[in-house]
Amino acid sequence: MSHQIIGHVIGEYTGLSRKVLEYSQLMKGLVDAAKQPSFTESRWDELAAAVDTASFERVGNFMEVMDWPTYRSFLHGWAQSSDWDCSFKRVSENGNVVLLELEERSSVGEASSTVNSVSVYEFDDTGKIRHLDIYLQMPMPDPALLASYQGIDIAG
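Following this line, the structure appears as structure tokens:
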């Protein structure tokens with residue numbers, strides 16, 4: 041399976057699949073911008089335009105559950121100390137659900153990882169993301185990569 045830059049394939053998609061790819065591109069831009077001194081947590085509201093912030097729920101890598109305010113705060117802390125990039129593998133859409141498969145690369149300080157991810161986006165009737173599930177294939181992470189989860193309730 042070839043891996044491609046999202047920007048190179050986004051034009052091939054419409055509907056909710058395209059919304060997910062646009063969301064991913066925006067995420068990449070915000071993660072990169074988060075290293076700038078002028079970046080504030082309110083910049084994450086750019087993602088909120090695609091999200092039903094009142095009912096949003098994200099179930100993450102370690103089965104942690106976050107509502108929108110918690111996820112927004114988590115993203116802010118994570119992005120300031122992390123580099124993140126991804127390569128597109130495939131996207132599938134059925135009804136109000138989109139599955140996005142990526143190769144994700146991240147680093148925090150000297151620790152880095154490459155994982156295969158599947159993100160399951162569930163949309164409401166207005167086309168906003170109401171639920172997001174994250175599934176990863178990866179080797180055991182370096183403890184330094186887990187530092188951004190401090191204070192987040194991880195299922196165990």
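Per the numbering used here, the sequence shown starts with residue 41, numbered consecutively. Beta carbons: idealized from backbone N, C-alpha and C, even for Gly.
State the DSSP-derived secondary structure class of residue i, mapped to helix, strand or coil.
i   : result
Q44 : strand
S95 : coil
How is the alpha helix (DSSP H) around residue i delimited, first residue to last?
i    : result
T110 : 108-121
Less than 8 angstroms between the beta carbons of residue i and residue j, yes or no?
i    : j    : result
I192 : F128 : no
L186 : V60  : no
I174 : F96  : no
Y53  : L87  : no
W124 : E144 : yes
A184 : V148 : yes
Determine the extent of the beta strand (DSSP E) in which residue i is found, giving its start and end residues.
i    : result
E144 : 137-148
S159 : 151-163
Q177 : 169-177
Going residue by residue through the region 49-89, where are the continuous alpha helix (DSSP H) segments of at least 4 residues, counting only ones entirely within it? Under the rule that a run must span 4 or more residues, the alpha helix (DSSP H) segments found entirely inside the region 49-89 read 55-73, 85-88.
Three-pair Cβ contact test at 8 angstroms for the region 141-157 versus the region 107-114: no
Can you confirm whether the region 58-72 touches the region 119-137 when touching is taken to mean that 3 or more C-beta pairs between the two stretches lie within less than 8 angstroms? With three or more CB-CB distances shorter than 8 angstroms, the region 119-137 counts as touching the region 58-72.
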